[in-house]
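Chains as they are written, first to last, in this note's numbering: chain A, 61 to 302; chain B, 61 to 302; chain C, 61 to 302.
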């Protein structure tokens, strides 16, 4: 039996984060909070969502794993306001989502029918960059108009995002002093904009993004969202540069 | 000769209310105000619009019936602001709509060429529910994503709106204390969402909606809109439950 | 070598003004400022853009002519905020556009490959009308829903814009006292709405529009935009009335 209350923004963010990669996911409820992770069908990206129990307005949950139709939750979450309180209850094979005078009942999916969660890979990534997530979002959206891939690179002069089209080029650069945190390590990898532009949908101006970057290696993008109430991490495989 | 002045919101609401069901309508101008009613081509719903003469900023109208291309009035009304003053004049077969420095002239339609108005049926409907129209609108729009029909039902525990999809369900419930007025009578009928979602377009938060409900019987939905300046009533036939 | 700084609104307006008629244009940088003009492929309209050097936050430019892909500049300008400072540099065959932490590099076009600028015709136009550009924009957008052409006319009773559809008509009228300036001269010409609706995209409420009108003659529409920092003039050939 699960019975929790959370603000609308958290439910909206969880749904948006997962729907970027999968249509079904397992939600783990534990004493320390709610956790979900999944890889996309092409095995290119992983999403890891964590909402600690303290981020809920009320949290009463036996340890349990449930299977969720993420698209349905996403559709429902769009009708909820960010500050609205939402009660989520799980009883047997039904999840009820209640806010205001409205209650949705959604059939759960047998978790064993959902693709098993991947192990989180142990990555050694030399460069650490901390920046405003809204700024990152703007650059990815601009790059998307020019090219289907971007290069992330860092060295002691700062962090760079570069995209090149047929006749034009966009370069984003922040030096150490403009970044929130930066260890000046050198790294360089290329990524698909297709994925990145889905990831940034959860990000707003004021949210903190921590990037761990290596050379021709996956990148970790850790978004601190909903005023720190939820953490969404994306791990994205690099594209091979020709 | 008709020469009246009205605020933009009233003209916008009249046009929106009628365009939900018909493309042409007769407008009756009488001493007590303006009246129009029409049924949709499928004979499933009726709309009744009343704007008393006191709701006009100026009202000078000989008793008359005119035939109006509702789509044109709707298009024009979209370019008018809610608080703008609009002068509507009818001379011979032309209606002029004037606001700011702009004046539209629209050709009238011979009223005898428009389908005759229906008689308003005399319905005995046991349940009376009064609630915020904006709240009702939200539920109908949410139900529309799940199913093509909804059940309205009431008993001494309150008023319910329910929609059921293939894998999920939405239930709206307000008890007597949450409703503005409620006589606790029992009733239950099913309706097409297709119609309801058109009806609620005129409703805003703060507007008052009065519902008269029976069992497997038409429903009356009376919207008090534009700060009480206009009354729009819809009568909708029930769908037969299997 | 060109190196100038300008606010986002000016760059956005220049791009929007030109993209209404052409996809490539020559930009002239002179001591007194930046100038560009072009005719559309059908030779029906001309656009003349002038931004005096005082309207730039910084202006350092050798006299030069460059060839610009207007569509690219327009796309980029959409990602810039109106009050943001933008640095535009031209070195050899590359234009860089820098704002915030983002820098675009755009390949220039050989100016000799772009259609030569037209001479500005010397027109004797009797009527002069000065009015709010936002008001003009609203009328053109309304006329566009009714007809593909409009008549501009003036006489001692004021300035008129008229459009006539199959069953309806729109008339805009401002008397001398409602206009900012008006010399009461008589004139009348008909124009294509297709062009006008592109022109008005640069206009906002509060901007000043000066119209010079003749009879069956081209019209000059001079928009003072960006708080007077830029001047965009359109010259539009009349349509022959049947």
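Even for Gly, the Cβ is constructed at its ideal location relative to N, Cα and C.
Remember, predicted model here, so these are calculated numbers, not experimental data.
Between the region 230-245 of chain A and the region 162-174 of chain C there are three or more C-beta pairs closer than 8 Å, enough to call the two in contact.
The beta carbons of residue 75/B and residue 134/B sit closer together than 7 Å. Under a 10 Å Cβ-count criterion, residue 97/C is classified as buried, with 16 or more other Cβ atoms of the shown protein chains found around its own Cβ.
Closest in alpha carbon position to residue 79/B, among 108/B, 142/B and 67/B, is 108/B. When DSSP states are grouped into helix, strand and coil, residue 171/B belongs to the helix group. Chain-order list of chain C residues neighbouring residue 205/A: 135, by C-beta distance under 7 Å. Here residue 216/C has 244 as same chain residues with Cβ atoms under 7 Å from its own Cβ, once five neighbours each way along the sequence are excluded. Per DSSP, the continuous alpha helix (DSSP H) segment holding residue 256/B begins and ends at 253-259. With fewer than 16 other CB atoms across the displayed protein chains lying within 10 angstroms of its CB, residue 183/B is exposed.
Considering only beta carbons, the part of the region 104-133 of chain B lying closer than 8 Å to chain C consists of 129 and 132, in chain order. Among the residues of the region 151-167 of chain C, those with a Cβ less than 7 Å away from any Cβ of chain A are 161, 162, 163, 164, 165, 166 and 167, in the order of the chain.
If you draw a straight line from the Cα of residue 224/B to the Cα of residue 155/C, it comes to about 58 Å. Under the DSSP assignment, residue 200/B falls in the alpha helix (DSSP H) whose first and last residues are 193-204.
The beta carbon of residue 112/B lies closer than 7 Å to those of 92 and 93 in the same chain, with the five residues before and after it left out. For residue 291/C, the uninterrupted beta strand (DSSP E) run begins and ends at 290-296, by DSSP. For the pair residue 137/C and residue 72/C, the CB atoms are nearer than the 7 Å cut-off.
Per DSSP, reduced to three states, the secondary structure at residue 239/A is coil, with no helix or strand assignment. Membership of residue 134/A in the alpha helix (DSSP H) is indicated by the continuous run 130-137.
In this structure, DSSP gives residue 145/A an extended state, which the three-state scheme calls strand. With a beta-carbon spacing of about 7 Å, residue 282/B and residue 269/B fall inside the 8 Å limit used to define contacts. At the C-beta level, residue 105/A and residue 292/A stay beyond 7 Å of one another.
Rounded to the nearest whole angstrom, the CA to CA distance from residue 65/C to residue 114/C is 11 Å.
Put simply, the backbone Cα of residue 286/B is about 9 Å away from that of residue 142/B. Contact residues of the region 275-286 of chain B toward chain C are absent (C-beta to C-beta distance below 7 Å).
Residue environment for residue 175/A: exposed (fewer than 16 other C-beta atoms within 10 angstroms of its C-beta).
Around the Cβ of residue 300/C, a 10 Å sphere holds fewer than 16 other Cβ atoms; the residue is exposed.
Following the DSSP letters along the chain, one finds residue 154/B in no alpha helix (DSSP H) but inside the beta strand (DSSP E) bounded by residues 154-159. Counting other Cβ atoms within 10 Å of its Cβ, residue 234/A reaches 16 or more and is therefore classed as buried.
Residue contact check for residue 228/A against chain C: a CB pair falls below 7 Å. When C-alpha distances from residue 280/C are compared across 187/C, 62/C and 82/C, the shortest belongs to 187/C.
Those residues of the region 185-215 of chain A placed with their C-beta closer than 9 Å to a C-beta in chain C are 195, 198, 199, 201, 202, 205 and 206, ordered along the chain.
Within its own chain, the residues whose Cβ lies closer than 8 Å to the Cβ of residue 171/C, once the five positions on either side in sequence are excluded, are 86, 125, 126 and 127, listed in chain order. At a cut-off of 7 Å, the C-beta of residue 231/C has a neighbouring C-beta in chain B. Each residue's CA atom was taken as its position, placing residue 211/B and residue 101/B some 24 Å apart. Closer than 7 Å to the CB of residue 139/C there is at least one CB belonging to chain A.
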